[in-house]
Amino acid sequence: MLASAPRTPYISLMDDISPTAGTAAAPYRVLARKYRPQRFEDLVGQEPMVRTLTNAFATGRIAQAFLLTGVRGVGKTTTARILARALNYTRPGHDRPSVDFSEPGEHDTAIMEGRHIDVIEMDAASHTGIGDVREIIEAVRYKPALARYKVYIIDEVHMLSNQAFNGLLKTLEEPPEHVKFVFATTEIRKVPVTVLSRCQRFDLRRIEADRLVQLLSDITAKENVAIDRDALAVVARAAEGSARDALSLLDQAIAHRGADETITSGAMRALLGLADRTRTIDLFAEVMRGDASTALATLRDLYDAGADPQLVLQDLANFTHLVTRLKTVPDAATDPALTEEERIRGAELAEKLSIRVLSRCWQMLLKGIEEASTAPRPLAAADMVLVRIAHVADLPTPDEALKMLAERGPEALGGAAGSVAAAGSAATPRAGASAAGDPGPAMRMVESAAPRMRAAASPMRASSAAVAAAPTPASPPMGRATPAAQPAPVERPKTLGDIVALATKHRDLPMKHGIERYVRVIRFEPPNIELALTPDAPSGFLTDLGKRLADWTGERWMIAVGNGEPEATLHEQATEAKARVESDARNDPTVLAVMRHFPGAEIVDIRVKPREPAIEPMEEPPAPVEADEDDED
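Under this note's numbering, the residue at position 521 of the sequence shown is numbered 537, and the numbers go up by one with no gaps.
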């Protein structure tokens, strides 16, 4: 008789698992599975959902279906299993749903390991058809074998086909008392509203960076892993609110380190292919003070060290956002996810840089990141982005240039480069700027463009800027008055269509739409209009129309509602004309012949060919008069 082998003691997932638990031959479990939450209290950053479910279970108001949505790695599947565990929680002396897991339940281990017979997990990405849903519909009629409820957990539910969703609707609305549904998805917009209306929806939030740092710190303490606080901040930022991504990166970092070696932020950045944060800040300061050559050298060093050029630009954009936040909300420096270098140097740069310069840099970086992602050579694209930012760093913003023009004239732009240097240091001299005080091509471009920019922003200010930038005209002779500048006359509209054209010219699309659809003319004698409004016209439309006409034409208009026979609105006239054209086209003999030869053909569009101008016949020249012989004599 063979002796049975000794059984390996089973470790429940509810017990605290130490780093040395199990034998040496036990398979390694990744941190994301080893430290998966086992109860609602373990879920990080999901307090609103936990409170709602806790109160629902306490009062017995348990829904028939739940929908969990959120980005990857925030705990949707884990929450679904905890929810199934709470629904089927049973222990001696306690036989009802509960979220109090102070004592292990009868079905807890099997449910949390995903192997309970009454908790069916289905991946909708691989079971998308109506046949898979039909199996569920057939199975829900039978009561659970062991547990209190049959719980169907469908992950990535948005992958189901339309037929599958439609087949599930009736069962989802009126399921048997012993059946509960839990759906999880990352694409909530792809789930039909008919399904959303039948479920209790919970939006799982991204985990904040400081909460992720604290979670990673607790886990590394349990794993006896030495790691810098800055390295944890790097992992938290790279995870973008996903606990699973953060634990996967931490797992990779632990495997990458040597024996008894502390994981540093530099090592984490090298592992993730990120640029050194200190070098990124240096690069930002260099481009902000216009030092393009040094910035390109720094980018090359980062590239040689393994940094992706596109990620470098993304880091620059993130630091631009940080500096902007520190300038707007100084308390943002208390964020635990920030390094000491980011706090100190970010605050210094926030004092020196204006919001306008930071906004301009942000916009250029966003465009540059897109260019680098599609360019055949990302490094070259990143170089060009840095050159553009450095080139405009010491130029005044449009409003600053206009202000200097208004105050001191165009000669003020000659020294603008040094006065508005972005980082508070002297700007590198530009190619093309002469030592004799020539502001260079860039300054001359701003000088010539500023009056036009000013005119687009404010007509009153534009006139003064144009006068300041233009050469002074010769004085008129003595005794002759200077003619005053008169505004260009505006031709008075003669029809309602002319008013529509005037609204189009001034880009007032809401008023153009209203004139076409709400106004029925009774009498049109400019500047007097008698009209009737359609029932759907908004209140105050006549007042707005009078103000617009006064602004556009420079004269006062009298608009009144009359009682005569009104014309149709312009929209109604256009619709009627289009209907006539369609009717004429459908009754055209040629079109009818084509439709007979091509059964099933449809007329989808009708275009009226413009008439060619009639050619008038040329008049015949008068016949020559023959001279008499007597005249010749």
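Idealized CB from N, CA, C, for every residue including glycine.
Less than 8 Å between the beta carbons of residue i and residue j, yes or no?
i	j	result
I538	A548	yes
Y51	L228	no
D399	L315	yes
L83	L185	no
D246	I279	no
W573	L565	yes
Y165	N104	yes
A311	L402	yes
Q216	A79	yes
T355	R293	yes
V87	S309	no
K196	V167	yes
How many Å lie between residue i and residue j at the Cα?
i	j	result
F117	H194	22 Å
T390	V241	40 Å
A313	E358	22 Å
L418	V373	15 Å
L653	D514	With the chain covering only 17 through 649, there is no way to say anything about residue 653.
R533	L558	13 Å
D261	V46	12 Å
D276	I235	17 Å
E13	H522	Since the displayed the chain opens at 17 and closes at 649, residue 13 lies outside it and no answer follows.
V535	I619	32 Å
K92	V328	32 Å
A422	P414	12 Å
R77	K238	38 Å
T85	L69	15 Å
P503	L369	Unreliable positioning characterises P503 in this predicted model, as indicated by a pLDDT of 48, which lies under 50. The coordinate reading is nonetheless provided below. When rounded, the distance between both Cα atoms is 42 Å.
A439	I270	Unreliable placement is indicated for A439, whose pLDDT of 39 sits below 50; no coordinate value is reported for it.
R295	A301	10 Å
T210	D148	19 Å
K594	E137	58 Å
P120	R205	38 Å
My understanding is that residue i touches residue j, with C-beta atoms under 8 Å, so please give their C-beta distance in whole angstroms.
i	j	result
Q62	L231	At roughly 13 Å, the Cβ-Cβ gap does not stay under 8 Å, so Q62 and L231 are not in contact.
M284	V339	About 23 Å; that fails the 8 Å criterion.
M135	I169	Reading the sequence as shown, one finds Val at residue 135 and not Met. Confirmed, Cβ separation roughly 7 Å.
A333	W378	7 Å
D124	R101	6 Å
I622	E592	Contact doesn't hold; Cβ gap of about 14 Å is too wide.
L176	T144	6 Å
D171	A200	5 Å
S114	F73	6 Å
Along the beta strand (DSSP E) that carries residue i, what are the first and last residues, could you check?
i	result
Y158	Per DSSP, Y158 belongs to no beta strand (DSSP E) and is neither H nor E.
M175	No beta strand (DSSP E) contains M175, which DSSP labels as neither H nor E.
A200	195 to 201
D219	216 to 219
I405	Premise fails: I405 lies in the alpha helix (DSSP H), 394 to 409, not in any beta strand (DSSP E).
D244	No beta strand (DSSP E) holds D244; DSSP gives it neither H nor E.
D139	135 to 139
Is DSSP giving residue i helix, strand or coil here?
i	result
I545	strand
T236	helix
T85	strand
W378	helix
R107	strand
E224	coil
E387	helix
V535	strand
V115	coil
D454	Confidence in D454 is poor, its pLDDT being 42 and thus under 50, which makes the residue's placement too unreliable to answer from.
V373	helix
V303	helix
E592	helix
F614	coil
D351	coil
V167	strand
L620	According to the sequence as given, residue 620 is Val; it is not Leu. The answer is coil: DSSP assigns V620 none of H, G, I, E or B.
M78	Sequence inspection shows Ile at residue 78; the Met mentioned does not correspond to that position. Correct three-state label for I78: coil.
E129	coil
D276	coil
Give the range of the alpha helix (DSSP H) segment to which residue i is assigned.
i	result
I515	512 to 521
A576	Looking at the DSSP string, A576 is not in any alpha helix (DSSP H); the run it does join, the beta strand (DSSP E), is 574 to 577.
E256	Where E256 is concerned, there is no enclosing alpha helix (DSSP H), given that its DSSP letter is neither H nor E.
V90	Segment: none, V90 is in no alpha helix (DSSP H) and carries neither H nor E.
L360	In the sequence under discussion, the amino acid at residue 360 is Ile, which differs from the Leu named in the question. Per DSSP, I360 belongs to the alpha helix (DSSP H) from 356 to 368.
E63	63 to 75
Verify the contact flag: residue i, CB atom, against every heavy atom of the ligand MG, threshold strictly below 7 Å.
i	result
K206	The ligand MG is absent from the structure shown, which contains no ligand whatsoever.
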